[in-house]
Amino acid sequence: MVVSFTERLSAHYRHVDTLTAEPSYDHKSSKPLTPAEQLEQLEQQITLTLQDIDANFDACQRCLRRNVLPTTEKLASLSNELLSTAQ
1 MVVSFTERLS AHYRHVDTLT AEPSYDHKSS KPLTPAEQLE QLEQQITLTL
51 QDIDANFDAC QRCLRRNVLP TTEKLASLSN ELLSTAQ
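If you count the sequence shown from 1, position 8 lands on 8 in the numbering used here, and the numbers rise without skipping.
So, in structure tokens, the structure goes:
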């Protein structure tokens with residue numbers, strides 16, 4: 001699944017409070033998060049970001065395997081035929 005730019009941007013702004021100098025808050029209880037809780041939240045966001053990157057790499061690989069490589073192989077074959085005919 002490829003994540004759109006808009007979805008990534010929305011996710012970024014939903015979690016931007018962990019990147020600021022201001023203390024983060026637990027949205028359920030409205031109390032400041034402890035440094036350990038902030039670290040855990042940041043690690044979860046990093047994990048999600050890495051999962052998104054992995055999914056995007058997978059989508060790129062599938063695109064290359066299904067579209068680009070067969071077209072390139074066909075072009076190479078036709079070019080070889082043309083070269084052998086021209087000689």
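Ideal Cβ placement from N, Cα and C applies to all residues, glycine included.
Remember, it's a predicted structure, so these values are computed and weren't measured experimentally.
Compute the distance between the beta-carbons of residue i and residue j, then report whether it is under 8 Å.
i   : j   : result
Q41 : L33 : yes
Hey, is residue i close to the ligand ZN, as in C-beta under 7 Å from one of its heavy atoms?
i   : result
E73 : Looking at this structure, you won't find the ligand ZN or any other ligand, since it has none at all.
Along the chain, where does the alpha helix (DSSP H) containing residue i start, and where does it finish?
i   : result
H67 : The sequence shown places Asn at residue 67, rather than the His named in the question. Segment: none, N67 is in no alpha helix (DSSP H) and carries neither H nor E.
To the nearest angstrom, how far is the alpha carbon of residue i from that of residue j?
i   : j   : result
L50 : N67 : 25 Å
L39 : I46 : 10 Å
T71 : D54 : 25 Å
L78 : A86 : 12 Å
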